[in-house]
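One structure below.
Chains as they are written, first to last, in my numbering: chain A, 3 to 415; chain B, 942 to 1317.
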């Protein structure tokens, strides 16, 4: 490389000055990072991303030829630290930049990268994933949505679900079946599709905490140009696995492509465990102090784990599937925290308070949604399979659909 | 193991491993236990030649490390000690050295004592616990009364590691001006040593009585004003060495248990093929990685005397102390009945880990300390 990369500390100072000059400060009266996204956030975050792009601070770890800055994860980490006092386009991090853009960088054609990757980095386009289907959660490769080649187009029919933020996105990377005679992994293709199309019906899925950021989509003869195929036809599993790698990395907190960090929140309500202990008057109770200390320790360990595994994967010491350990810890540790908060909140966690802003009740709501952490982005059970089979190299689980033409694989009703 | 060791550190690690595997393999540890011995003096002297007691000593006193990061190198040795449940006063000697080095900045010079400890000829230990007491190093009931140019020390300390063979002990005692540390030779008049057994196979402890033991004023390490800082440094060194040692122990136990899962067949299949067991191995592998990760960060912070070193040390001790035993017990379970036999090595590691977990603050003590440190 002929370009000299700017020293991280020089970059940090330049970023600090630029942020102060250009980005809006966090407003103490405004709510951020709630589990419900306000419609205005999508407008604001696109604008913020455009600002970052214009200032040369968007897509720091993406190559310059696609609108990025060609810098290192250390630069990104420094930028994120500097960005904490400011509003950042956090909603574009996952899935658009951290997952879909990462995959496109590795697997997309030059034209696709120029259009979609550059579009995502510059704030013009938001990407999402069409992966899961209602017929199977963990068995992703058993998907049933079909794409039929018709001249220069593909015609898509089927149904997707659990597509995060799809309602606010412009394009989706959609994994479909293109060959029913091949075994399940060998008949898939990844195709970029528009989200908003007359042939696509989109619903939002309401969760137990009241959020509705997940969507489901029904395709009836959705027609897309054949050039939207990512990689080669029937090699979609390779492309999909790349995308899943970025998903594990991003959901686990180790993505170099996400920028900024949400103002910390102990739970859905933005309440830290320390302030919860004070609020219920238990902060001097030694048993509660012990629980708080333990929870703090685990939070810190979770971050230390991400750092260590990222180093291990970068140096080649660890296989890519080591990211499943981050994924597993990133479910278990927050769940333990939710449990501790529920314990500390005690009788105040299940009814709303006559005055105040209902903080404590939302601890209860976080308990309702507790299992989300070990379900979204692949269940913890799948992570455990990955760790045992791909890190510890233990024997693979028996699969009845291995090497069987997909149309002959038995399915539930 | 730290994933970012330098070439020098990797070499140092390999030398350490080779030496330990030759001089103190697990069979040797079993022999020592059978003979009721702690560690052979010559083994420790050889270890000292390899630099095991020099890593926290400043270069002007003849110490130092090749990497320039002495505590990181020391943690490498501690981890390898854990992997082989090695004998020897690695933790007590280096903890005392850490106290003497820091104490010299505000109090009397102790370079002679440091040189003795560094050579391996002198064995030292921190006498911080008192009978019926918990981990409260700054609240001793042992007293040091001023008598002209001397101090007269009276009190009882217990759970003193290698107290049965130590030549000097660092005693926390109350003076008229607060709490101070005193370096006391164990052959002084009025010192009585009573050996105490521990759960560990080779790690011996002692209860030490001080009945009006007279030491010169220069025996004081630092001053009453600096005691808290010196104690904090020693505390960090001791707890993070324990943590690194526990990491080595669980890493080794996990390694031979995974191997066992591949080798052991039941119902015509290896244990490693059962999903119910694979998932438990995955959990253990993840917690092991967490233990390594938090230890890495604590080691670096203590090495660099970072402002958050105390918090990171307590986080590591709380976390590893909590998880290590859970991991080893689950590994015992994976071995079936064999895992609870005297013949199998599991219990050697469990013993070492239990001792490391409970002393210098239990995980519960450290969890409450974290709450203090984050301002709750």
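Beta carbons: idealized from backbone N, C-alpha and C, even for Gly. Values in this document were obtained by computation on a predicted structure and should not be read as measured data.
Which of helix, strand or coil DSSP assigns to residue i
i: residue 86 of chain A; result: coil
i: residue 1061 of chain B; result: coil
i: residue 132 of chain A; result: strand
i: residue 1188 of chain B; result: helix
i: residue 176 of chain A; result: strand
i: residue 320 of chain A; result: coil
i: residue 269 of chain A; result: Because the pLDDT of residue 269 of chain A is 40, which lies under 50, any placement of that residue in the model is unreliable, and the number read from its coordinates should be weighed accordingly. Three-state DSSP puts residue 269 of chain A in coil, outside helix and strand.
i: residue 237 of chain A; result: strand
i: residue 161 of chain A; result: strand
i: residue 1212 of chain B; result: helix
i: residue 1013 of chain B; result: helix
i: residue 1181 of chain B; result: helix
i: residue 1142 of chain B; result: coil
i: residue 978 of chain B; result: coil
i: residue 1076 of chain B; result: coil
i: residue 254 of chain A; result: coil
i: residue 97 of chain A; result: helix
i: residue 1151 of chain B; result: strand
i: residue 314 of chain A; result: helix
i: residue 245 of chain A; result: helix
i: residue 32 of chain A; result: coil
i: residue 21 of chain A; result: helix
Residue interval of the beta strand (DSSP E) (run including residue i)
i: residue 193 of chain A; result: 190-196
i: residue 1087 of chain B; result: 1084-1088
i: residue 221 of chain A; result: 216-227
i: residue 1123 of chain B; result: 1119-1126
i: residue 1092 of chain B; result: 1091-1102
i: residue 1303 of chain B; result: No beta strand (DSSP E) holds residue 1303 of chain B; DSSP gives it neither H nor E.
Distance between beta carbons of residue j and residue i, contact taken as under 8 Å
i: residue 160 of chain A; j: residue 216 of chain A; result: Their Cβ separation, rounded to whole angstroms, is 17 Å, which puts residue 160 of chain A and residue 216 of chain A out of contact at 8 Å.
i: residue 262 of chain A; j: residue 21 of chain A; result: The pair is not a contact, with the Cβ atoms about 10 Å apart (cut-off 8 Å).
i: residue 1186 of chain B; j: residue 1297 of chain B; result: 6 Å
i: residue 1036 of chain B; j: residue 1179 of chain B; result: 5 Å
i: residue 1142 of chain B; j: residue 1026 of chain B; result: 7 Å
i: residue 1275 of chain B; j: residue 1202 of chain B; result: 6 Å
i: residue 1097 of chain B; j: residue 1131 of chain B; result: With a Cβ gap of about 12 Å, residue 1097 of chain B and residue 1131 of chain B do not count as contacting.
i: residue 1268 of chain B; j: residue 1229 of chain B; result: 6 Å
i: residue 1107 of chain B; j: residue 1081 of chain B; result: Actually they do not touch by this definition, with Cβ atoms about 18 Å apart.
Cutoff 8 Å: residue i Cβ touching any chain B Cβ
i: residue 307 of chain A; result: yes
i: residue 389 of chain A; result: yes
i: residue 346 of chain A; result: no
i: residue 330 of chain A; result: yes
i: residue 13 of chain A; result: no
i: residue 343 of chain A; result: no
i: residue 285 of chain A; result: yes
i: residue 384 of chain A; result: no
i: residue 394 of chain A; result: yes
i: residue 323 of chain A; result: no
i: residue 1 of chain A; result: Residue 1 of chain A is absent from the structure shown; chain A starts at 3 and stops at 415.
i: residue 269 of chain A; result: Summary for residue 269 of chain A: the model assigns pLDDT 40, below 50, so the residue's position carries little reliability; its value from the coordinates is reported in the next sentence. So, not an interface residue.
i: residue 279 of chain A; result: yes
i: residue 299 of chain A; result: yes
Neighbour flag for residue i against chain A, beta carbons, 8 Å
i: residue 911 of chain B; result: Lying outside 942 to 1317, the shown extent of chain B, residue 911 of chain B is not represented and no answer is given.
i: residue 1260 of chain B; result: yes
i: residue 1177 of chain B; result: no
i: residue 1017 of chain B; result: no
i: residue 1152 of chain B; result: no
i: residue 946 of chain B; result: no
i: residue 1220 of chain B; result: yes
i: residue 1230 of chain B; result: yes
i: residue 956 of chain B; result: no
i: residue 1266 of chain B; result: no
i: residue 1308 of chain B; result: yes
i: residue 1237 of chain B; result: yes
Residue i, enclosing alpha helix (DSSP H) - first and last residue
i: residue 1044 of chain B; result: 1031-1044
i: residue 203 of chain A; result: Careful: residue 203 of chain A lies outside any alpha helix (DSSP H), inside the beta strand (DSSP E) at 202-207.
i: residue 1134 of chain B; result: Run containing residue 1134 of chain B: none in the alpha helix (DSSP H); it sits in the beta strand (DSSP E), 1132-1137.
i: residue 961 of chain B; result: 948-964
Inset, instruction - Name, going along the chain, the residues of the region 1181-1205 of chain B whose beta-carbon falls closer than 9 Å to a beta-carbon of chain A. - result: 1199, 1202 and 1203
Inset, instruction - Give the residues from the region 78-107 of chain A that approach chain B closer than 8 Å (Cβ to any Cβ), ordered along the chain. - result: none
Inset, instruction - Using a Cβ-Cβ cut-off of less than 7 Å, give me the residues of the region 242-257 of chain A that come near chain B, in sequence order. - result: none
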